[in-house]
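Student:
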Amino acid sequence: MILKGKAWKFGDDISTDLICPGRYFHLRSNLPELAKHVLEDADAEFAKKMAEGDVVVAGKNFGCGSSREHAPTIMKLAGVSVVLAKSFARIFYRNGINVGLPLLECDTDKIDEGDELEVDLSLGRIVNRSKGIELAARPLPQAMINILNDGGLVPHIKKYGDFKVD
Amino acid sequence: MGAMGKTIAERIIGEHAAREVSAGDLVIASVDVAAVQDGTGPLAVDQIRKLGFEKVHDPANSILFIDHAAPSPRKELSNSHMKLREFATKTGAVLSEVGEGIIHQRLVESWVSPGDIVIGADSHSCTSGALGAFATGMGSTDVAIGMVLGRTWFRVPETFLIEVNGTLPPGVYSKDLILHIIGMLRADGATYKALEFVGDTIQEFSVDSRLVLCNMAVEAGAKTGICEADDKTRAFLKETGRGKKFKPITSDQSANFERVVKIDASKLEPLLAFPHTVDNVKPVSEGKGVKVDQVFIGTCTNGRLEDLRVAAHILKGKERHRATRLVICPASRDIYREAMKEGLLEVFMEAGAALMAPGCGPCVGVHEGVLGDGEICVSTANRNFKGRMGNPEAFVYLSSPATAAYSALKGEIADPREVFR
Numbered sequence: 064m065i066l067k068g069k070a071w072k073f074g075d076d077i078s079t080d081l082i083c084p085g086r087y088f089h090l091r092s093n094l095p096e097l098a099k100h101v102l103e104d105a106d107a108e109f110a111k112k113m114a115e116g117d118v119v120v121a122g123k124n125f126g127c128g129s130s131r132e133h134a135p136t137i138m139k140l141a142g143v144s145v146v147l148a149k150s151f152a153r154i155f156y157r158n159g160i161n162v163g164l165p166l167l168e169c170d171t172d173k174i175d176e177g178d179e180l181e182v183d184l185s186l187g188r189i190v191n192r193s194k195g196i197e198l199a200a201r202p203l204p205q206a207m208i209n210i211l212n213d214g215g216l217v218p219h220i221k222k223y224g225d226f227k228v229d
Numbered sequence: 046m047g048a049m050g051k052t053i054a055e056r057i058i059g060e061h062a063a064r065e066v067s068a069g070d071l072v073i074a075s076v077d078v079a080a081v082q083d084g085t086g087p088l089a090v091d092q093i094r095k096l097g098f099e100k101v102h103d104p105a106n107s108i109l110f111i112d113h114a115a116p117s118p119r120k121e122l123s124n125s126h127m128k129l130r131e132f133a134t135k136t137g138a139v140l141s142e143v144g145e146g147i148i149h150q151r152l153v154e155s156w157v158s159p160g161d162i163v164i165g166a167d168s169h170s171c172t173s174g175a176l177g178a179f180a181t182g183m184g185s186t187d188v189a190i191g192m193v194l195g196r197t198w199f200r201v202p203e204t205f206l207i208e209v210n211g212t213l214p215p216g217v218y219s220k221d222l223i224l225h226i227i228g229m230l231r232a233d234g235a236t237y238k239a240l241e242f243v244g245d246t247i248q249e250f251s252v253d254s255r256l257v258l259c260n261m262a263v264e265a266g267a268k269t270g271i272c273e274a275d276d277k278t279r280a281f282l283k284e285t286g287r288g289k290k291f292k293p294i295t296s297d298q299s300a301n302f303e304r305v306v307k308i309d310a311s312k313l314e315p316l317l318a319f320p321h322t323v324d325n326v327k328p329v330s331e332g333k334g335v336k337v338d339q340v341f342i343g344t345c346t347n348g349r350l351e352d353l354r355v356a357a358h359i360l361k362g363k364e365r366h367r368a369t370r371l372v373i374c375p376a377s378r379d380i381y382r383e384a385m386k387e388g389l390l391e392v393f394m395e396a397g398a399a400l401m402a403p404g405c406g407p408c409v410g411v412h413e414g415v416l417g418d419g420e421i422c423v424s425t426a427n428r429n430f431k432g433r434m435g436n437p438e439a440f441v442y443l444s445s446p447a448t449a450a451y452s453a454l455k456g457e458i459a460d461p462r463e464v465f466r
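Those protein sequences? They're chains A and B, same order as listed. Quick note on numbering: the working numbering labels position 51 of the first sequence as 114, and the sequence is numbered without any gaps. Quick note on numbering: the working numbering labels position 10 of the second sequence as 55, and the sequence is numbered without any gaps.
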């Protein structure tokens, strides 16, 4: 599967509080409404500016902090096709894959805001069309590729009745 | 080839995977305790329903905690609480009600034993590692599936050995030690790793102090924080009515540690995490004189009896600065009751504090002390991210209970060592 979209750039240590602010705690039972506030405390206008299929591009430790799975869930709901970062915080990484939001680690210094990107998930290959360069991504562990290919952890468990780690 | 020495993390995961494991292995392991809270539990319940499961694997060790928005400030949250209650009734899972306390404190008081694997849908689930367990935070779906299957998958983490020796100076506490460690490792310095805390300082620490260290392991990105299970652990389990659950836990001498960090506790001073990241750690002297609108003492980091005693020692017979609100929230009902018996609550009332029901209080920005625009809070919590206490225009400094209490008296950030001179 090849994903195409425009890059929106964020810095280091984007916490799940910035992605899904605690003041909207009461909207966790209304995910479409919560998704209107995605990344609001990192960029107040992001939800309005972005288009379906766009790519979130960040520095290191993306998704640090709270385990709230609502953070990757509303990114996916808002239409983010893939998240590229120098590194991900552990719980967010696992949550992202579990909800079917693709994540790849790469050198995001080679991407600027507005760049047109193409991401081939199965090959772990990222092409920056605007700069005419190709970026290598760190491959996902096999357990995670299995879950992502099934569309997330719930469909994965439905299919196998258990985790398939190899 | 002889068996290689194991770290605590490798040993516990191996015992639950029924085979020898080493760092880097991907394994399926059984789970002893699975927990969610009211921010993550409703989604976990939805996922379990989506999968068509009607039972949980081990009801007595599947616990739903209502602590983040307790008592509920909004009807939407009240409805989410109803979903948790209904699920508990249907499956026999345990419900920890409004007022019983915070997930991580309640877990160590009543459920977690040395050698257990604990998964919680809350990032600070690493707290339970202070009893010599392997405890880690995950998302709602992972914990939901762990709760119904009784197992989950792990990548076995490498371990950083954090060796702390020496005695903390007066006015310096385990909170200052863990802030020092996070400032050194940085927010992602231990991503995917286990932090194992050893050394004579840790041996001398109470379980309350050890819980502070393990609670904040995740703030350096770690998968878990772990302390050895020793005589202090044994005494704690006995006090909480689970003396028979004790077993000693240590790493093997020949275990392979990815990194060893040595710290001299006698050289430490009171520290602050400045806004808006936990690794933005500086000496309290650099914050001295910053006017404080609200002080918050509580949370799964520092809402325990030991913390309340320190705060009461500083506040006794005095009143908060008139421009500084003081919010105090014991971490559990047992702690609240003990604090009442010891007369600590009276000290707080006399000092002008607002006492909250046991729970997360204002830490997550839901209720009980949301900050105004431009306001500054000194908090004993574990996070100071922008927006954390309900307002992205506010500023949160993290400190020990001593620094927080003394700052409440002064109306500005102040060095608690002045009290002990």
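Don't be surprised by glycine CBs; every beta carbon is placed ideally from N, CA and C.
How is the beta strand (DSSP E) around valine 257/B delimited, first residue to last?
Tutor: No beta strand (DSSP E) contains valine 257/B, which is instead part of the alpha helix (DSSP H) from 252-260.
Student: Nearest by alpha-carbon distance to cysteine 6/B: which of Lys221/A, Gly128/A, Asp106/A is it?
Tutor: Given that chain B is displayed from residue 46 to residue 466, the structure contains no residue 6/B and the question cannot be resolved.
Student: At what residues does the beta strand (DSSP E) containing aspartate 183/A begin and finish?
Tutor: That run of the beta strand (DSSP E) goes 179-183.
Student: For lysine 123/A, go through chain B and note every residue whose CB falls closer than 8 Å to its CB, in chain order.
Tutor: Within chain B, the residues near lysine 123/A are Asp233.
Student: Please list, in chain order, all residues of the same chain as glycine 215/A whose beta carbon is under 8 Å from its beta carbon, the five residues on each side excluded.
Tutor: Only Ile160, Asn161, Val162, Gly163 meet the Cβ criterion.
Student: Considering only C-alpha positions, which residue in the set Met138/A, Asp106/A, Asp75/A is nearest to proline 95/A?
Tutor: Checking every option, the nearest Cα to that of proline 95/A belongs to Met138/A.
Student: Leaving out five residues before and five after lysine 128/B in sequence, what residues of the same chain have Cβ atoms less than 6 Å from its Cβ?
Tutor: Around lysine 128/B: Pro87, Val90.
Student: Contact criterion: CB-CB distance below 8 Å. Does alanine 114/B meet it with respect to chain A?
Tutor: Chain A contact via Cβ: present.
Student: Taking CB distances under 8 Å as the criterion, tell me whether arginine 131/A reaches chain B.
Tutor: Arginine 131/A counts as touching chain B.
Student: With a threshold of 6 Å on Cβ separation, who are the neighbours of aspartate 245/B within its own chain once the five nearest residues in sequence on each side are excluded?
Tutor: Around aspartate 245/B: Asn210.
Student: What did DSSP end up calling aspartate 167/B once you bin it into helix, strand or coil?
Tutor: Coil, per DSSP.
Student: Is there at least one Cβ from chain B nearer than 8 Å to phenylalanine 226/A's Cβ?
Tutor: Cβ-Cβ to chain B under 8 Å: yes for phenylalanine 226/A.
Student: Which residues of chain B have a Cβ atom closer than 8 Å to the Cβ of cysteine 127/A, listed in chain order?
Tutor: Correct list: Ala232, Asp233, Gly266.
Student: What separation, rounded to the nearest whole angstrom, lies between the Cα atoms of phenylalanine 125/A and isoleucine 77/A?
Tutor: Spanning the two alpha carbons is a distance of roughly 5 Å.
Student: Can you look up lysine 327/B in the DSSP assignment and give me helix, strand or coil?
Tutor: Reduced to three states, the DSSP call for lysine 327/B is strand.
Student: By the 10 Å Cβ neighbour count, where 16 or more other Cβ atoms means buried, how is glycine 47/B classified, buried or exposed?
Tutor: Summary for glycine 47/B: the model assigns pLDDT 45, below 50, so the residue's position carries little reliability, and this model does not support an answer.
Student: Measure from the alpha carbon of alanine 199/A to the alpha carbon of each residue in Pro218/A, Lys221/A, Cys169/A, Asp178/A, then state which is nearest.
Tutor: The option with the nearest alpha carbon to alanine 199/A is Cys169/A.
Student: Can you check DSSP and say which residues form a bridge with serine 141/B?
Tutor: Looking at the DSSP assignment, serine 141/B forms a beta bridge with Phe110/B.
Student: What's the C-alpha gap between arginine 91/A and histidine 100/A?
Tutor: For arginine 91/A and histidine 100/A, the distance between alpha carbons rounds to 11 Å.
Student: Spell out the partners DSSP gives threonine 269/B in its beta bridges.
Tutor: BP columns for threonine 269/B point to Ala239/B.
Student: Quick check on leucine 97/A: does DSSP put it in helix, strand or coil?
Tutor: Note: leucine 97/A maps to helix in three-state DSSP.
Student: By the 10 Å Cβ neighbour count, where 16 or more other Cβ atoms means buried, how is aspartate 379/B classified, buried or exposed?
Tutor: Result: buried.
Student: Serine 254/B: buried (16+ other C-beta within 10 angstroms of its C-beta) or exposed?
Tutor: Counting Cβ neighbours within 10 Å, serine 254/B comes out buried, since at least 16 surround it.
Student: Do the stretch 91-103 of chain B and the stretch 392-406 of chain B make contact, defined as three or more Cβ pairs closer than 8 Å?
Tutor: These segments do not touch.
Student: How big is the Cα-Cα spacing for threonine 136/A and alanine 166/B?
Tutor: Approximately 15 Å, taken between the alpha carbons.
Student: Looking at the structure shown, is leucine 224/B part of a helix, part of a strand, or coil, going by DSSP?
Tutor: Leucine 224/B falls in the helix class under three-state DSSP.
Student: Mapping DSSP to helix, strand and coil, what is cysteine 169/A?
Tutor: Looking at cysteine 169/A - three-state DSSP - the assignment turns out to be coil, as it is neither helix nor strand.
Student: Opposite glutamate 471/B in the DSSP bridges: which residues?
Tutor: Outside the modelled stretch of chain B, which goes from 46 to 466, sits residue 471/B, for which no answer is possible.
Student: From the DSSP output, in three-state form, read off isoleucine 162/B for me.
Tutor: It is a strand residue.
Student: Near arginine 370/B, what residues of its chain come up, given a Cβ to Cβ distance below 8 Å and the 5 sequence neighbours on each side ignored?
Tutor: Closer than 8 Å at the Cβ level, and outside the excluded window around arginine 370/B, lie Asp338, Gln339, Val340, Ala399, Gly414.
Student: How is the alpha helix (DSSP H) around phenylalanine 393/B delimited, first residue to last?
Tutor: Taken as a continuous stretch (DSSP letters only), the alpha helix (DSSP H) holding phenylalanine 393/B covers 389-395.
Student: Please list the partners that asparagine 347/B has in chain A, where partner means a Cβ-to-Cβ separation under 7 Å.
Tutor: The contacting residues do not exist; asparagine 347/B stays about 18 Å from chain A at best.
Student: Could you give the distance in angstroms between the alpha-carbon of glycine 50/B and the alpha-carbon of alanine 232/B?
Tutor: So the two alpha carbons sit approximately 29 Å from each other.
Student: Looking at the strands, I want to know which residues DSSP matches up with valine 305/B.
Tutor: Paired residue(s): Leu206/B.
Student: Shortest alpha-carbon distance to glutamate 208/B belongs to which of Ala115/B, Ala310/B, Ala74/B?
Tutor: Of the candidates Ala115/B, Ala310/B, Ala74/B, the one whose C-alpha sits nearest the C-alpha of glutamate 208/B is Ala310/B.
Student: Identify which residue in Glu387/B, Glu351/B, Leu353/B, Ala396/B has its Cα closest to the Cα of arginine 367/B.
Tutor: Among Glu387/B, Glu351/B, Leu353/B, Ala396/B, the Cα nearest to that of arginine 367/B is on Ala396/B.
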